[in-house]
Amino acid sequence: MASNGGYEVARDDIELGVSPGHSRSLCVLGTGDFGRALAQRAVASGYTVTIGTRSKQKQADMMKLIEATGATLASQVDAIAAADLVVVAVARDFYDSLPLHVLKNKVLIDVSNGPVSGKTLSLRSNAEHLQELVPSAVVVKAFNVVSAYLLETGGIQGSKEIPVATDSERARHQVVQLVRDMGFTPVDMGPLRMSRDIEKMPLEFFRDWRGAFAVVGVLFLIGYIANFIKFQLCKNITVNETWDWSVFKKILMTNFNRNLGVIALETLGAVYLPGIIAGFLQLYRGTKYSRFPAWLDRWLRMRKQLGLLMLAMAGTHGCISLGIYHPHHQYDWLFEAPKTIRAEVEVNKTFFETQTVNIWFHHPTWRGELFLTLGAVALCLLAILGIASLPSVTARLTWREFAFVQSKLGWTALMAASLHDAVLGWEFMVTSYKCYMPTGLQYALYLPIICVIGKLIQLIPAVNRRLVEIRSGWVRKASSEA
Ligand SMILES: Cc1cc2nc3c(=O)[nH]c(=O)nc-3n(C[C@H](O)[C@H](O)[C@H](O)COP(=O)(O)OP(=O)(O)OC[C@H]3O[C@@H](n4cnc5c(N)ncnc54)[C@H](O)[C@@H]3O)c2cc1C
Ligand SMILES: NC(=O)c1ccc[n+]([C@@H]2O[C@H](COP(=O)([O-])OP(=O)(O)OC[C@H]3O[C@@H](n4cnc5c(N)ncnc54)[C@H](OP(=O)(O)O)[C@@H]3O)[C@@H](O)[C@H]2O)c1
Ligand code: HEM
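Okay, so the sequence shown: first residue is 22 according to our numbering, each after it adds one.
Structure below.
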């Protein structure tokens, strides 16, 4: 018998009223949203379900909802007596109002979640609290990670994995079977004390995304401020003789769109850089069997989120750019030169004058064609990476296919997007903007260039051979051992 902080946990010695073989009768305590949804799903899965209520006097609307589940309505005591498995679909605060004396020797399935605020006076989970209230029963934590909506709509949205935790192997077996019968995948989480973690799961709020959001948010803000200083302030201070307010309207679309492109490319560099750093560290240490520093480990684990955020930025940039990719919109070097004619132009109703007029043909130059195609190819490849990262798609790919998409296609996208930037602005690559600031076209390439140089070094045959050996398990012997 194991101990949990002085509290006995193994419960296989409790005599359960579980019928031999697989019990198909179920009691659900509570006629609330969750109790009804679970009852309905269990009935659809071939179970005989009795819903236990404090009072059978319900309003007509509620009665219709309960009848629609296909379950029978009974008093709490009668419902509990009719089944060995009891789902407690009642909030924790009301556990002690249940007829605890008749729950003896039953398997109690605790479906409750922790408080949304995260504040609780007790370290114990709801499931452990219920176990303390009824020591002669066995409590199993399950189903809390799914919503009533998911149960009703057949599990199309959201995760279909259900963590299960209990201190009794027999009860675990029963509940795991129930979870399977209802079309979900049970995940064995071990003893009941794991319910502390399980109860927190549905309340987590973008835990895996926080780091990536922070990195991308800070980069975006810095880039936006730099663009504002360059295009709105610096130009007015150093070039214009009088203050030109018209450039300020560009902060809405032009600045925003350029910044999206630049930060998307920087972020794509940040997705592939940690793999390169990891490679050099492995070469230096001569083994893959030593832990990376915490910052690198975090960075490596953040790549998926960084990648998906960059895809969102690149997609938005592509959409806006298609709207403004036009000869009249400052791309004269990307389109064929306009035809220039001299024409009589009406200045006002009575006055005409002869002016030079540009007539633009919407034909891109070779450079314009290349620039646009590279951007579109990069976005297309990145979309494939994004699709491959959907769990349903990932599950259908072999490890080799997934690695090909994420690594090879991802690197190709990085190259294509970098060339898209370089072809657009190669003449700005060595000059700085007024006020000694680098152009966005330049700093978009900082991380991608470091990635490409690092990758080229790691592709040198002798270096690559050693890296492949290390990643296959080879370990360099210390000089004293050699
Ligand atoms: C739109 C988009 C979607 C993405 N979706 C996903 C996704 O669903 N899942 C995903 O994982 N990434 C995703 N990414 C990130 C990226 O594509 C992958 O991480 C990709 O596998 C990186 O390839 P790589 O060749 O740089 O590195 P890898 O081949 O992954 O790494 C290089 C080497 O570093 C070492 N290494 C890497 N990670 C670790 C680690 N955690 N512990 C120890 N050693 C390590 C290994 O030795 C490895 O051989 C996505 C990126 C984008 C742009
Ligand atoms: N809703 C969800 O999507 C969801 C998802 C995961 C987990 N859960 C968990 O499931 C449990 C039930 O949630 P719910 O949304 O169904 O709640 P709810 O709509 O408030 O229903 C709770 C039911 O508990 C019964 N009950 C028994 N004793 C009670 C008492 N003393 N006071 C008040 N009600 C009492 C009531 O039914 P009778 O009047 O018929 O007795 C009531 O309808 C909670 O622990 C919750 O954390 C819910
Ligand atoms: C269909 C896809 C795409 C189209 C149509 C497109 C189009 C454009 C256009 C028109 C510009 C010039 C913007 C301006 O100067 O105002 C531009 C710039 C840029 N694009 Fe794209 N692009 C695409 C995809 C991408 C992708 C996927 C990336 C990066 C991952 C990217 C990164 C950049 C960068 C860094 C710039 C330079 C911004 C600057 O001038 O500072 N683009 N793109």
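Heads up, the beta-carbon is just placed ideally off N, CA and C, and yes, glycines get one too.
key: Selected residue, minimal CA-CA separation from residue 220, among 136, 272, 255, 378   = 136
message = Measuring straight from C-alpha to C-alpha, what distance separates residue 109 and residue 57?
response = 12 Å
query = Residues near ligand 2, CB to any non-hydrogen atom under 6 Å, in chain order?
reply = 51, 52, 53, 54, 55, 56, 74, 75, 110, 111, 112, 115, 118, 132, 133, 134, 165, 168, 169
request  = Given a cut-off of 9 Å, decide if residue 131 and residue 163 are closer than it, judged by their beta-carbon atoms.
outcome  = yes
request  = Take residue 241 and list the residues in its own chain whose beta-carbon comes closer than 6 Å to its own, dropping the five residues that flank it on each side.
outcome  = 284
query = If we ignore side chains and look at the alpha-carbon of each, how far apart do residue 404 and residue 207 end up?
reply = 32 Å
ask   = According to DSSP, what are the bridge partners of residue 359?
value = Residue 359 pairs with nothing; no bridge assigned.
query = Starting from residue 187 and walking both ways along the beta strand (DSSP E), at which residues does that stretch end?
reply = 182 to 187
inquiry  = Just to confirm, is the Cβ distance from residue 484 to residue 439 under 9 Å?
reply    = no
key: Candidates 289, 367, 251, of which the one nearest residue 433 by Cα   = 289
request  = Please work out which residues of its chain come closer than 7 Å, Cβ to Cβ, to residue 121, disregarding the five sequence neighbours upstream and downstream, and give them in chain order.
outcome  = 154, 155
task = Kindly give me the distance between the Cβ atoms of residue 104 and residue 60, rounded to whole angstroms, as I take these residues to be in contact under 8 Å.
result = Not confirmed; about 11 Å, so no contact.
request  = Take residue 47 and list the residues in its own chain whose beta-carbon comes closer than 6 Å to its own, dropping the five residues that flank it on each side.
outcome  = 63, 68, 70, 104, 106
At least three beta-carbon pairs within less than 8 Å, the segment 302 to 311 to the segment 489 to 498 = yes
ask   = For residue 125, which option in 158, 112, 97 has the closest C-alpha, if you only look at C-alpha atoms?
value = 158
message = Can you tell me whether residue 37 is helix, strand or coil according to DSSP?
response = coil
inquiry  = Quick check on the DSSP output: the alpha helix (DSSP H) that includes residue 337 runs from which residue to which?
reply    = 324 to 345
ask   = For residue 321, which option in 338, 229, 400 has the closest C-alpha, if you only look at C-alpha atoms?
value = 229
Top-ranked residue by Cα proximity to residue 182, from 223, 152, 213 = 223
task = State the DSSP-derived secondary structure class of residue 25, mapped to helix, strand or coil.
result = A caution first: residue 25 carries a pLDDT of 43, below 50, which makes its placement in the model too unreliable to give a value.
Whole-angstrom distance between residue 401 and residue 334, CA atom to CA atom = 14 Å
ask   = Is residue 283 near ligand 3, in the sense that its beta carbon is under 8 Å from a heavy atom of that ligand?
value = yes
task = Alpha carbon to alpha carbon, how far is residue 342 from residue 280? Give it in angstroms, no decimals.
result = 12 Å
Residue 431 beta carbon near ligand 4 (any heavy atom closer than 8 Å) = Looking for ligand 4 in the displayed structure turns up nothing; the ligands present are ligand 1, ligand 2 and ligand 3.
key: 9 Å Cβ cutoff met for residue 101 and residue 90   = no
Reference residue 352, options 461, 77, 392, closest by Cα = 392
query = Between the Cα of residue 37 and the Cα atoms of 417, 261, 297, 194, which residue gives the shortest distance?
reply = 194
query = To the nearest whole angstrom, what separates the beta carbons of residue 213 and residue 167, a pair I think is in contact under 8 Å?
reply = That belief does not hold up - the Cβ atoms of residue 213 and residue 167 are roughly 19 Å apart, past 8 Å.
For residue 78: DSSP bridge partner residues = Its beta-bridge partners do not exist; DSSP assigns none.
request  = Report the partner residues of residue 365 according to the DSSP bridge assignment.
outcome  = 375
ask   = Alpha carbon to alpha carbon, how far is residue 27 from residue 116?
value = Because residue 27 carries a pLDDT of 39, less than 50, the predicted location of this residue cannot be relied on, and the following value inherits that uncertainty. The alpha-carbon atoms of residue 27 and residue 116 are separated by roughly 23 Å.
request  = Run the proximity test for residue 245: is its beta-carbon closer than 8 Å to any non-hydrogen atom belonging to ligand 3?
outcome  = no
query = DSSP puts residue 162 in a beta bridge; with which residues?
reply = 131, 186
Neighbour-count burial assignment, residue 444, 16 or more Cβ in a 10 Å radius = buried
inquiry  = Any contact between the segment 356 to 374 and the segment 416 to 428? By contact I mean 3 or more CB pairs, one from each, below 8 Å.
reply    = no
task = Verify whether the separation of the beta carbon atoms of residue 129 and residue 144 is less than 9 Å.
result = no
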